[in-house]
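Single-structure report; data block below.
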C-alpha cells in the first residue's frame, strides 16, 4: 500500500506543477484532463498526508518512551502514542477504500430517465412520486435538477420523464438506482382496498463531455415537429420539437419540452450522447462482470432492485438483502441511508475481489 501511496503523492504533485505551467493554460482540453486527474487523486493524497503526520507522531512518542524517565513526559508520550495509533488505524481503513479502482464517471452529472412499466396508471403515479423523491434528495445535497422532458398521463402520473442532475459526485451516489423499482400499495384509484403491485424502470446515465465522446454529425439525422408540451398555442403551431436519429445504431431521441427549437436541439444532442456513451459503458461493464463476478449489478433495466411496501412501511433492496422503514421520509428525499449502504456494500465486495487477485 505504501508504494501505491508514494506513487499517488508524486503524481499529484506533478499534476499541480502542470496546472501552474503557463503553456498549459491555453489548452482547455488538457486542463480539463489534468483537473479531473487531480480530483481523482485528491482524497487519497489528503489521507496520505494525514497518515504521514500521525506516523511521525507515533515515531516521536516511541522515541520519547525509549529515552525519557520523567513521569509527566512519559504520560504525555503515552497519550500521544495512543492517539496516533487510533488515527493510523482509522486512516488505514479509509486509504484501503480510497485506493480501490475508481469509476471514471463518479464525479459526473447525470441524466435520470424514469418510466412506468407494469401497473397502468398506478405505475405512472408512483413514477412521479419517486422522481420527486430524487429531486428532493438532490436539493438536500445542493444539486440542481433540470427537467429535460416530462409527459403526464390522464391521472397526473408520468408516462415518461427525464431530468439532468448537476453537482458534486452525482453519478457516484445515483448510479445504483438504475433498474426495476417495485411498489406494493393500495392505489388511490382502488375502491375495494386491495394491494396492487406495480413496477417502474429507472436509468441513470453519466453526462458525456465532448472532449471524451464525439458523435459524427453525419451520423445524425434531425427532424422537427410541432411540440405538444408546455408552451401553449405557440408550441403547437411552430416546429419547436426536435427528433434526432442516430443512423448507425438506430437510436432516436425526441425532445419537445422547451419553446425554443435551439434549446430542444441542444437537449436532444446531450441526451443522445449520454445514451450512446451509456451503451458503451454497459458493454464494458458486462465484460468486467463476466471477468470478475463483481459487485452490485450494473444497472440493467430488467433487474429488480428494490421494493417499496407501503402497507408494511418497508423498503427492501434486493441486491444487498437489506430492509428499512420510514417510507414516508424516503419518499421525501431521505435517501442517504439507502445510498450509503449500497456504496459500502460495493466497496466491500471490491476489496474482497482485490484480495482474491
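Residue numbers (my numbering): 135 to 491. Built from N, CA and C at the ideal position, the CB exists for glycine as well.
- Take the alpha-carbon of residue 378 and the one of residue 487: they are about 41 angstroms apart.
- Under the DSSP assignment, residue 311 falls outside any beta strand (DSSP E); it carries neither an H nor an E label.
- For residue 220, the closest of 180, 269, 187 by C-alpha to C-alpha distance is 187.
- Contact between residue 256 and residue 321 holds: their C-beta atoms lie close to 4 angstroms from each other, under 8 angstroms.
- By the Cβ neighbour-count rule, residue 376 is buried, with 16 or more other Cβ atoms within 10 Å of its own.
- If the five residues before and after residue 139 are omitted, its C-beta is found closer than 6 angstroms to the C-beta atoms of 182, all from its own chain and listed in chain order.
- Residue 395 is not a Cβ neighbour of residue 335, given a cutoff of 8 angstroms.
- The Cβ atoms of residue 296 and residue 405 lie closer than 8 angstroms to each other.
- Contact holds between the region 472 to 487 and the region 300 to 313, because three or more Cβ pairs, one in each stretch, are under 8 angstroms apart.
- Two segments are said to touch when three or more pairs of C-beta atoms, one from each, lie closer than 8 angstroms; by this definition the region 311 to 320 does not touch the region 282 to 293.
- Counting every other CB atom within 10 Å of its CB across the protein chains shown gives residue 250 a total of 16 or more, marking it as buried.
- In the three-state scheme derived from DSSP, where H, G and I count as helix and E and B as strand, residue 452 is classed as coil.
- Closest in C-alpha terms to residue 261, from the list 282, 314, 222, 218, comes 314.
- Within the DSSP secondary-structure output, residue 341 pairs in no beta bridge.
- Here residue 299 carries a strand assignment [DSSP, helix/strand/coil].
- In the three-state reduction of the DSSP assignment, residue 463 falls in the helix class.
- The beta carbon of residue 235 is closer than 8 angstroms to those of 484 in its chain, skipping five residues each way along the sequence.
- Distance check between residue 464 and each of 163, 271, 374, 192 places 271 closest, using alpha-carbon atoms only.
- The distance from the Cβ of residue 211 to that of residue 195 is about 5 angstroms, consistent with a contact at the 8 angstroms cut-off.
- The residues 441, 457, in chain order, have a CB closer than 6 angstroms to that of residue 450 in the same chain once the five nearest residues on each side in sequence are set aside.
- Annotation: residue 275 to residue 207 spans about 47 angstroms, alpha carbon to alpha carbon.
- Restricting attention to 166, 410, 330, the CA atom closest to the CA of residue 353 is found in 410.
- About 5 angstroms separates the Cβ atoms of residue 447 and residue 459, confirming a contact at the 8 angstroms cut-off.
- Only exposed fits residue 280, as fewer than 16 other CB atoms lie within 10 angstroms of its CB.
- With 16 or more other Cβ atoms from the protein chains shown falling within 10 Å of its own Cβ, residue 403 counts as buried.
- Counting the other Cβ atoms within 10 Å of the Cβ of residue 340 gives 16 or more, which makes it buried.
- In chain order, 378 place their CB closer than 6 angstroms to the CB of residue 356, counting only its own chain and leaving out the 5 sequence neighbours on each side.
- Straight-line spacing of the CA atoms in residue 337 and residue 193 works out to 51 angstroms.
- Residue pairing by DSSP places residue 245 opposite 298, 339 in a beta bridge.
- Under DSSP, the beta-bridge partners assigned to residue 457 are 450.
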